[in-house]
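Here the structure comes first, spelled out in structure tokens, and everything after it is commentary.
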Amino acid sequence: MSEVARYSRRLVMGAGLAMTATVALGSALGGVAFAADAVKLGVSIPAATHGFTGGIVWWANQAKAELEKAHPNLKITVKTASGAPEQANQLQDLVTVTKIDSLVIFPFESAALTQPVMQAKKKNVYVTVVDRGLTDPSAQDAYIAGDNTAFGRIPAEYIAKKYNGKANIVALRGIPTTLDNERWEAFTAVMKQHPDIKILDAKYANWNRDDAFKVTQDFLTRFKEIDVIWAADDDMAFGVLKAIEQAKRTDIKEVFGGAGSKTMVKTIMDGSNPLLHADVSYSPKFIYDAIKMTAEARLKGDKLPATYIIPSALITKENAKEFYFADSPY
Amino acid sequence: MPSAPTPVTDVRQDGAAPRKPSRRFDPRRFGPVVGLVLLLIVGTALNPDFATWDNLMNVLTRTAFIGIISIGMCFVIISGGIDLSVGSMAALIAGGMILLMNALAASVASPVAVVGLGMLFALLLGGGFGLAHGYLITRGRIEPFIVTLGTLGIFRAVLTWLADGGAITLDNDLSEAYGPVYYGSLLGIPVPVWVFLAVSVAGAVLLNRTAFGRYVQAIGSNEQVARFAAVDVDRVKLLTYGLLGVCVGIATVLYVPRLGSASPTTGLLWELEAIAAVIVGGTSFKGGEGRIAGTVIGAVLLSVISNILNLTSIISVYLNAAVQGCVIIAVAFLQRRRP
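So this is what it looks like as structure tokens:
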């Protein structure tokens, strides 16, 4: 982990803790806060189905290992689910069998998980929701998320500026979800201000390398002049690059991924691929931050700020090393 | 139950008994072909680039994986079995062979030799997994659906564990040595298409011109009768699963050089695509009869649909899966059986 990133995280955490301290003081006067002797924290996250969720699982287990070692009276249970119904079932198990008193949940779907989380909260479980907000915010005590709007806005602004408001773009989308919609809307909103930028088409490639390869092959067959491909995900960018390489196309000037995966950041840092110049950060590490913040606050009997957005940033050759974590699988 | 002697002679002589109806000219046999031709016409009308050689080769190359697996699947389904694990199996074989090749690269100097060993390993691993399925099904007396549903989870979980939830990536030098297996061509036709063709011809010969093929069909149409007819049912079944495993191995050998990596999404839902290709191609889900040519056409048809959808934007992307569903049902209708 780079010094800068570590330092900036401490700053952020420090600010967060300062805020929680104030909140805690307020509620202590109201007689609500209590210092728990032991904290049983449940973590419910999606199973590792692609690079990003793989990173989520790795960072969650990393948090468990570090925090349990540091705090003997903390017990963290990590559960991974491969769909919303399974996640809802696991949630019930966590509450009734494991008897957790705090929960960090990365919901599969906002709507489907709102009720199950509400049920947990009614049993006095402290709930931190990560990444996807619930449809009824009263079901959560705290919300920690990456910035999906910036995930779409930053690449759009970067492309518009770099190509002087004139470019042919094709885009890939992930899986139809609110998260994907937010990114897509932010991207197109910027592009609307640039009438000479044409988005030729956008298709779903399911955040999957193979699907991205196929969709890009077909885009390349269909459009003879493409300047930029917005792959919208580093895994998908990988498939895009292979398809371009195979078709031997030279018109494409840039491929923009997303999320700041390890290999992508390394490539940008080394400047080793002429099509890759920048990326936008959206690190799965936020689950680590969320677990750590929640656990440490709960051990002290504190609360977290209601909403905490982890900012996304443009990654270029100059700052790439701040986003490079050698140990993470993603 | 019929008495033993009659089926013995029937099956042994020419195996014609279970297949007699399909020997005559039957327009319904051409349902998948008609469907494919219609799709080709629609595709060309929607986008002239559809009918280019490059696009055609793109589609056939990407069909090769599912197509080769479908041919193995065709045998399993004809014998009355099913294998749900092929996608996960492909993913695990891909991951395993990449790890092996990366490890060998340190001690074996020639990248080509490393790749050769990797390919051999993939085929052996596939065959081994297939035989393990067959063994559990025949000796263990467990339903194939359950056995392969179990391994579907096992294979993918092991891969995910090996990959730490991320991707297993082939070393760069090896990637270059291995690349031509997917990206290279012979006489203007990509290597995977040649392999697909070879596997199809071999499959058709095996199914229609050998005793093994006749036994597979006999078991699928009536297992008891086949048993009475002195067919070694367990052995034949075991071999069909082994054969499918080898097919998955071949598909994986072609798949790995494409992206040079395996991740938990590798081969996701391939089992459904392979089963759909077999059934759309006119093989009975109940077993007993089936066609390799139909299976090949079924597999091509499935990838042509998504190709056409990618080449146009007349239909909302949200509805892609619905269009695919409609075409599959329509083609199945064209080749339906009489009650």
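Chains A and B, in that order, give the protein sequences. Using my numbering, the letters of the first sequence map in sequence onto residues 1 to 330. Using my numbering, the letters of the second sequence map in sequence onto residues 331 to 669. Even for Gly, the Cβ is constructed at its ideal location relative to N, Cα and C. Please read these numbers as outputs of a predicted model, since none were measured by experiment.
Does DSSP classify residue 498 of chain B as helix, strand or coil?
-> Strand at residue 498 of chain B.
Residue 607 of chain B at chain A interface by Cβ criterion, 8 Å = For residue 607 of chain B, the answer is no, since every Cβ of chain A falls outside 8 Å of its Cβ.
Using DSSP with H/G/I as helix, E/B as strand and the rest coil, what is residue 85 of chain A?
-> Residue 85 of chain A: helix per DSSP, three-state reduction.
Alpha-carbon to alpha-carbon, residue 127 of chain A and residue 119 of chain A | 11 Å
Based on Cα-Cα distance, which residue from A:327, A:309, A:278, A:297 lies nearest to residue 161 of chain A?
-> Looking at the Cα atoms, A:278 is the closest of the given residues.
Residue 254 of chain A - partner residues in DSSP beta bridges = A:228
Of the residues B:612, B:381, B:591, which one's Cα is nearest the Cα of residue 51 of chain A?
-> B:591
Ranges of the alpha helix (DSSP H) found wholly within the region 92–151 of chain A, counting only runs of at least 4 = 110–122
Give a yes or no on whether the minimum CB-CB distance between residue 384 of chain B and chain A is below 8 Å.
-> yes
In chain A, which residues lie with their C-beta within 7 Å of the C-beta of residue 504 of chain B?
-> Under the 7 Å cutoff, chain A gives no residues; its nearest Cβ is about 15 Å from residue 504 of chain B.
Can the beta-carbon of residue 530 of chain B be found closer than 8 Å to that of residue 401 of chain B?
-> yes
Using CA coordinates, which residue listed in A:293, A:224, A:261, A:275 is at the minimum distance from residue 328 of chain A?
-> A:261
State the start and end residues of the unbroken beta strand (DSSP E) segment that holds residue 173 of chain A.
-> 167–173
Got a sec? Which residues, its chain only, sit under 6 Å from residue 571 of chain B by beta carbon, not counting five neighbours each side?
-> 460, 463, 464
Could you tell me whether the Cβ atoms of residue 107 of chain A and residue 134 of chain A are closer together than 8 Å?
-> yes
When the cut-off is 8 Å and only beta carbons count, does residue 218 of chain A lie next to chain B?
-> yes
Could you give the distance in angstroms between the alpha-carbon of residue 405 of chain B and the alpha-carbon of residue 549 of chain B?
-> 11 Å
Pick helix, strand or coil for residue 80 of chain A, following the three-state DSSP scheme.
-> strand
From the beta carbon of residue 208 of chain A, is the nearest beta carbon of chain E less than 8 Å away?
-> In summary, chain E is missing from the structure at hand, where the protein chains are A and B.
From the DSSP output, in three-state form, read off residue 326 of chain A for me.
-> coil
Roughly how many whole angstroms lie between the Cα atoms of residue 532 of chain B and residue 539 of chain B?
-> Approximately 10 Å, taken between the alpha carbons.
Exposed or buried, what is residue 31 of chain A when buried is set at 16 or more other beta-carbons lying within 10 Å of its beta-carbon?
-> The predicted position of residue 31 of chain A is uncertain, since its pLDDT is 36 and thus under 50; a value taken from the coordinates is nonetheless stated next. Classification of residue 31 of chain A: exposed, given that the 10 Å Cβ count is below 16.
In chain order, what residues of the same chain have a beta carbon less than 6 Å from the beta carbon of residue 596 of chain B, not counting five sequence neighbours either side?
-> Excluding residues within five positions, the ones whose Cβ falls inside 6 Å are 421, 424.
Please confirm whether residue 274 of chain A and residue 55 of chain A have their CB atoms less than 8 Å apart.
-> no
is_contact[residue 648 of chain B, chain A] using C-beta, thresh 8 Å | yes
So residue 201 of chain A is in the beta strand (DSSP E); what residue range does that whole segment cover?
-> 197–204
Answer with yes or no whether the minimum CB distance from residue 222 of chain A to chain B is below 8 Å.
-> At least one chain B Cβ lies under 8 Å of residue 222 of chain A.
Mapping DSSP to helix, strand and coil, what is residue 625 of chain B?
-> helix
Are the CB atoms of residue 130 of chain A and residue 102 of chain A nearer to each other than 8 Å?
-> no
Provide the residue span of the beta strand (DSSP E) that contains residue 308 of chain A, from first to last.
-> 307–310
Looking only at DSSP bridge pairs, what is residue 279 of chain A linked to?
-> Answer is A:315.
What are the partner residues of residue 515 of chain B, as DSSP defines its beta bridges?
-> Beta-bridge analysis with DSSP links residue 515 of chain B to B:520.
Could you tell me which of A:151, A:270, A:105 sits nearest to residue 314 of chain A, measuring between CA atoms?
-> A:151
Own chain residues within Cβ distance below 6 Å of residue 492 of chain B, not counting five before or after = 425
Which two residues bound the contiguous beta strand (DSSP E) that contains residue 72 of chain A?
-> Note, residue 72 of chain A: premise wrong, no beta strand (DSSP E); not H, not E.
Counting pairs of Cβ atoms below 8 Å between the region 648–661 of chain B and the region 211–227 of chain A, do you hit three or more?
-> no
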